[in-house]
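Residues 16 to 186 in the working numbering are what the sequence shown spells out, letter by letter.
Ideal Cβ positions, reconstructed from N, Cα and C, are used throughout, including at glycine.
Presented below is the structure to which this report refers.
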Amino acid sequence: MDLSKLKDLTLEGRPYKAEILKGVDSIDTDDLSIIFPIHYEVSVYATHDVWTLIVTVNYAVQTNCSRCLKEMVDKVSVTSEFLVTETEEDAKLYSGQTEDEVIIWQKRDSYLDELAMSIVITSLPIQPLCSEDCKGLCPICGNDLNKGDCHCSNQSVDSRFAALQGLFDEE
Numbered sequence: 016m017d018l019s020k021l022k023d024l025t026l027e028g029r030p031y032k033a034e035i036l037k038g039v040d041s042i043d044t045d046d047l048s049i050i051f052p053i054h055y056e057v058s059v060y061a062t063h064d065v066w067t068l069i070v071t072v073n074y075a076v077q078t079n080c081s082r083c084l085k086e087m088v089d090k091v092s093v094t095s096e097f098l099v100t101e102t103e104e105d106a107k108l109y110s111g112q113t114e115d116e117v118i119i120w121q122k123r124d125s126y127l128d129e130l131a132m133s134i135v136i137t138s139l140p141i142q143p144l145c146s147e148d149c150k151g152l153c154p155i156c157g158n159d160l161n162k163g164d165c166h167c168s169n170q171s172v173d174s175r176f177a178a179l180q181g182l183f184d185e186e
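What follows is the structure in structure tokens.
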């Protein structure tokens, strides 16, 4: 999409909305799979010779909880801001003056899809949790502690100090 068309949509008060129906197969791993479609929304704000591009991406990931290993779907919403220029000189000028990423607009129809996909890739959950209070698995017997307590000893002793364990026991 041409940046001027995108700016016209935003000047009318409407953000540009789109979705990515299929994606790159190399993103899927044994532990993680992106669920398509990926929805994104783009708003543009013009200031002099640069534009601020605000991209909000909504997607879901099928993965396993990092504590209890239960299969789950994690819904993610990410908003990123970019400073957009049309020349490399402007990009160099603004790159040191802002925290936003400065990009040079590429005049390709798929550019916004590529930008949204890059946001997805950089925001994939590292340690997803099925819930904030997930108790995980017992390190001794492997039982799911969310379903109930196990009867394993909570006192784990480092094997290097096992010989010292009885040192302070009463005689």
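What are the start and end residues of the alpha helix (DSSP H) that includes K107?
By one-based count along the sequence shown, residue 107 stands at place 92. Its alpha helix (DSSP H) spans residues 103 to 110.
Could you check whether the segment 101 to 110 touches the segment 44 to 54, counting it as contact only if at least three pairs of C-beta atoms, one from each stretch, sit closer than 8 Å?
Fewer than three beta-carbon pairs drawn from the segment 101 to 110 and the segment 44 to 54 are found closer than 8 Å, and the two stretches are therefore not classed as touching.
Grab the span of the beta strand (DSSP E) containing S95 for me, first residue to last.
Taking the first residue of the sequence shown as 1, we reach residue 95 at position 80. Counting along the chain, the beta strand (DSSP E) containing S95 begins and ends at 86 to 100.
So, helix, strand or coil for F183, using DSSP?
Residue mapping note: residue 183 aligns to position 168 of the sequence shown, counting from 1. If DSSP states are grouped into helix, strand and coil, F183 belongs with coil.
Would you tell me roughly how many angstroms separate the C-alpha atoms of T71 and Q77, rounded to the nearest one?
Residue mapping note: residue 71 aligns to position 56 of the sequence shown, counting from 1. Residue mapping note: residue 77 aligns to position 62 of the sequence shown, counting from 1. In a straight line, the C-alpha of T71 is about 20 Å away from that of Q77.
May I ask which residues mark the beginning and end of the beta strand (DSSP E) holding L130?
Along the sequence shown, read from residue 1 onward, the residue named residue 130 stands at position 115. Here L130 belongs to no beta strand (DSSP E); instead the alpha helix (DSSP H) covers 126 to 137.
Quick check: the Cα distance between V65 and E116, rounded to an integer number of angstroms?
Mapped onto the sequence shown, residue 65 falls at position 50. Mapped onto the sequence shown, residue 116 falls at position 101. Their Cα atoms are separated by approximately 12 Å.
Kindly indicate the opening and closing residues of the beta strand (DSSP E) around F51.
Reading the sequence shown from its first residue, position 36 is the one you call residue 51. For F51, the enclosing beta strand (DSSP E) stretches over residues 47 to 62.
Taking 7 Å as the limit between beta carbons, can you name the residues of its chain near C153, skipping five residues before and five after?
For the purposes of this step, residue 153 is taken as residue 138 along the sequence shown, with counting starting at 1. Around C153: L160, C165, C167.
From F97 to M87, what does the alpha carbon distance come to, in whole angstroms?
On the sequence shown, residue 97 is found 82 positions in, with the first residue counted as 1. On the sequence shown, residue 87 is found 72 positions in, with the first residue counted as 1. F97 and M87: Cα-Cα distance of roughly 32 Å.
Residues in the same chain with beta-carbon distance under 6 Å from C142, minus the five sequence neighbours each way, listed in chain order, please.
In the sequence shown, counting from the first residue as 1, residue 142 sits at position 127. The amino acid occupying residue 142 in the given sequence is Gln; Cys does not appear at that position. Cβ within range, chain order: S81.
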